[in-house]
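Engineer:
Number of protein chains: 2
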Amino acid sequence: MPSDRGHPRVAVDGLVVHADKLVTVRRGHDPFRGMLALPGGFVELGEPVEAAVVREVREETGLETRVVRLVGVFSDPMRDPRGHVVSITYALAETAGVLIAGSDAAEILLIDPEAPPPMAFDHNEIVRRWRRG
Amino acid sequence: MPSDRGHPRVAVDGLVVHADKLVTVRRGHDPFRGMLALPGGFVELGEPVEAAVVREVREETGLETRVVRLVGVFSDPMRDPRGHVVSITYALAETAGVLIAGSDAAEILLIDPEAPPPMAFDHNEIVRRWRRG
Numbered sequence: 006m007p008s009d010r011g012h013p014r015v016a017v018d019g020l021v022v023h024a025d026k027l028v029t030v031r032r033g034h035d036p037f038r039g040m041l042a043l044p045g046g047f048v049e050l051g052e053p054v055e056a057a058v059v060r061e062v063r064e065e066t067g068l069e070t071r072v073v074r075l076v077g078v079f080s081d082p083m084r085d086p087r088g089h090v091v092s093i094t095y096a097l098a099e100t101a102g103v104l105i106a107g108s109d110a111a112e113i114l115l116i117d118p119e120a121p122p123p124m125a126f127d128h129n130e131i132v133r134r135w136r137r138g
Numbered sequence: 006m007p008s009d010r011g012h013p014r015v016a017v018d019g020l021v022v023h024a025d026k027l028v029t030v031r032r033g034h035d036p037f038r039g040m041l042a043l044p045g046g047f048v049e050l051g052e053p054v055e056a057a058v059v060r061e062v063r064e065e066t067g068l069e070t071r072v073v074r075l076v077g078v079f080s081d082p083m084r085d086p087r088g089h090v091v092s093i094t095y096a097l098a099e100t101a102g103v104l105i106a107g108s109d110a111a112e113i114l115l116i117d118p119e120a121p122p123p124m125a126f127d128h129n130e131i132v133r134r135w136r137r138g
């Protein structure tokens with residue numbers, strides 16, 4: 006396989022509805038520290054992307070979920086100031102767990118999906134795509 | 006951004022219909038040398054994934070295309086013997102060009118999408134997903 010350097014990274018972001026609101030986390034680290042974002046993160050080597058998004062949602066929100074559908078792939082090279090990150094985005098359904106902020110998330114906010122505040126990265130665009138179905 | 010080593014790579018594969026047949030290429034290199042595959046390849050740094058699949062289809066088949074829809078994301082860590090490669094797969098529509106094998110493709114074969122032969126990687130699974138719409 007070609008060198009692993011100088012290539013896009015793969016991340017996942019998850020859209021989860023809890024109590025009729027969209028689950029977001031306030032970022033505890035840069036970039037976009039202090040801003041709201043969808044729960045998500047980098048895919049690990051050897052990890053299927055569907056497993057990665059379920060893991061990231063669990064780590065950041067405490068919720069157990071299952072993938073419902075693929076929402077889209079977001080790959081604008083400028084969408085992440087750290088470098089080129091391709092985000093694969095899924096809608097998930099809650100199956101268990103209790104909301105509790107963890108790992109990189111400073112706090113959890115349940116927002117109105119029809120009127121989201123300004124969010125980190127291109128997450129407002131992701132929310133719009135998700136709402137279109 | 007975390008180290009770029011030890012992470013999955015991002016690839017694209019394209020499903021293009023030409024003269025009512027699915028466009029495939031016979032691989033000129035390992036892995037799966039000599040087997041049929043969908044046109045595709047690795048996404049380059051700074052390249053949106055939709056641009057990558059259009060480029061790979063052009064390089065391998067001579068066809069100009071545009072993305073019609075996202076078919077799926079295929080990320081089984083064992084799907085590529087070279088290492089963990091996440092394939093983002095699109096259906097494309099032909100817009101121009103002439104079929105001519107190029108770069109990694111030894112030859113082009115137009116196959117019946119309803120009865121594809123054994124293909125490289127997990128491309129038979131990708132074709133099945135695409136046919137389900």
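Residue numbers (the working numbering), protein chains in the order written: chain C, 6 to 138; chain W, 6 to 138.
Backbone N, C-alpha and C fix where the C-beta goes; we use that ideal spot for every residue, glycine too.
Would you tell me roughly how many angstroms separate the C-alpha atoms of residue 40 of chain W and residue 87 of chain W, rounded to the nearest one?
Structural biologist: Roughly 16 Å between the two C-alpha positions.
Engineer: Between residue 59 of chain C and chain W, is any beta-carbon pair separated by less than 8 Å?
Structural biologist: Answer no: the Cβ-Cβ gap between residue 59 of chain C and chain W never drops below 8 Å.
Engineer: When DSSP labels each residue in this structure, what does residue 128 of chain W get in the three-state scheme?
Structural biologist: The answer is helix: DSSP assigns residue 128 of chain W an H, G or I state.
Engineer: Quick check on residue 18 of chain C: does DSSP put it in helix, strand or coil?
Structural biologist: Here residue 18 of chain C sits in strand by DSSP.
Engineer: Could you check whether the Cβ of residue 35 of chain W sits closer than 8 Å to any Cβ belonging to chain C?
Structural biologist: No, residue 35 of chain W does not count as interfacial toward chain C.
Engineer: Reducing DSSP to helix, strand and coil, say where residue 73 of chain C ends up.
Structural biologist: Three-state result, residue 73 of chain C: strand.
Engineer: Need the endpoints of the beta strand (DSSP E) that residue 32 of chain W sits in, please.
Structural biologist: Residues 26–32.
Engineer: Can you tell me the Cα-Cα spacing of residue 20 of chain W and residue 130 of chain C, whole angstroms?
Structural biologist: Cα-Cα distance, rounded: 26 Å.
Engineer: Just tell me which of C:27, C:18, C:96, C:85 has its CA closest to the CA of residue 116 of chain C.
Structural biologist: Nearest option by C-alpha distance: C:27.
Engineer: Specify the secondary structure class of residue 65 of chain W as computed by DSSP and reduced to three states.
Structural biologist: Residue 65 of chain W: helix per DSSP, three-state reduction.
Engineer: With a 10 Å radius around its C-beta and 16 neighbouring C-beta atoms as the bar for buried, classify residue 24 of chain C as buried or exposed.
Structural biologist: Its Cβ having fewer than 16 others within 10 Å, residue 24 of chain C is exposed.
Engineer: Check whether the segment 96–112 of chain C touches the segment 44–58 of chain W, counting contact only when three or more Cβ pairs, one atom from each stretch, lie closer than 8 Å.
Structural biologist: With a cut-off of 8 Å, the segment 44–58 of chain W and the segment 96–112 of chain C do not count as touching, because too few Cβ pairs lie within range.
Engineer: Whole angstroms is fine: what's the gap from residue 47 of chain C's alpha carbon to residue 137 of chain C's?
Structural biologist: Straight-line Cα distance between these residues: approximately 25 Å.
Engineer: Which bits of chain W does residue 132 of chain C rub up against, with CB to CB less than 7 Å?
Structural biologist: Simply none; closest approach about 17 Å.
Engineer: Do you know how far the Cα of residue 76 of chain C is from the Cα of residue 135 of chain C?
Structural biologist: When rounded, the distance between both Cα atoms is 6 Å.
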